[in-house]
Amino acid sequence: MSRYILVAGLCAAALAGCGRTVVREERVVERPVVQRETVVERPAVTRETVVAGPIACSMAGIPYATGTLSCQAGYEYRCRDGVWERIENSAC
């Protein structure tokens with residue numbers, strides 16, 4: 000009977016080891032974040048490609064756009080390319 004107890008004890012010890020929960024550590028490997036860059040190529044601006052807008056006229060230090068009408072000394076004037084031109088046969 001002592002053999003039976005010995006064998007039963009060994010089997011119980013062997014089964015006790017099998018019933019243990021194995022804990023495994025999880026490793027989380029994150030991929031690096033890739034950010035996309037948008038590259039917009041614009042043509043180079045040279046002196047030849049720069050186009051100036053119409054020249055403004057000025058009166059008393061105030062700029063006026065080309066095409067503006069003004070009454071000066073009883074006559075109508077129009078701003079044309081930075082110069083006030085008198086409009087013929089006009090009065091104001």
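With numbering that gives the first Met the number 0 as the guide, the letters of the sequence shown map in order to residues 0 to 91.
Glycine included, every Cβ here is placed at the ideal spot set by N, Cα and C.
Does the separation of the CB atoms of aspartate 80 and threonine 67 fall below 8 Å?
-> Not a contact, by the Cβ cut-off of 8 Å.
Quiz item: Who does tyrosine 76 pair with in a DSSP beta bridge?
Solution: For tyrosine 76, which the question treats as bridged, DSSP gives the partners Ser69 and Arg85.
Per DSSP, cross-strand counterpart(s) of isoleucine 54: Answer is none; isoleucine 54 lacks a bridge partner.
query: When you compare each of Tyr3, Tyr74 and Thr37 to alanine 90 by their alpha carbons, which one comes out closest?
result: Nearest to alanine 90 by C-alpha distance, out of Tyr3, Tyr74 and Thr37, is Tyr74.
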